[in-house]
Amino acid sequence: MPYYTYVLYSDFAQKYYVGSTQDFKKRLSYHNTGKSKFTKIGIPWKLIKTFAFNTRTGAIKLEHKIKKRGIKRFIESI
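Mapping of the sequence shown onto the working numbering: position 65 corresponds to residue 573, and the numbering continues sequentially without gaps.
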């Protein structure tokens, strides 16, 4: 089963969020139902971009790279 790095955006909070998971649809639902402390304030979140990987390591490496660079800056560069 593939692993994903995903980028979300909240119009309400005007913030981006990046994470990694095996099931990004389930995670989006998790974020939009207020079950995540950080993303609770930005409901509703929209899925902006997903990146698929064969390994969890690949997904986590990209997640860290995006966070280090800045999510907005990363999204604007692709």
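C-beta: ideal position from N, C-alpha, C; glycine also.
Please classify residue i: does DSSP put it in a helix, a strand, or coil?
i      : result
Ala560 : strand
On a Cα-Cα basis, can you pick out the residue from the options that is closest to residue i?
i      : options                        : result
Tyr511 : Lys573, Arg535, Arg577, Gly566 : Gly566
Asp531 : Thr513, Arg577, Lys580, Gly578 : Thr513
Roughly how far, in whole angstroms, is the beta-carbon of residue i from the beta-carbon of residue j, given that I think they are within contact range, below 8 Å?
i      : j      : result
Leu516 : His539 : 6 Å
Thr541 : Tyr525 : With 8 Å as the limit, Thr541 and Tyr525 do not qualify as a contact, their Cβ atoms being about 15 Å apart.
Ser528 : Ile568 : 5 Å
Original post:
What beta strand (DSSP E) runs, 3 residues minimum, are completely inside the region 523 to 550?
Top reply: 523 to 529
Subject >> the region 513 to 531 in contact with the region 550 to 567 per 3-pair CB rule at 8 Å >> reply: yes
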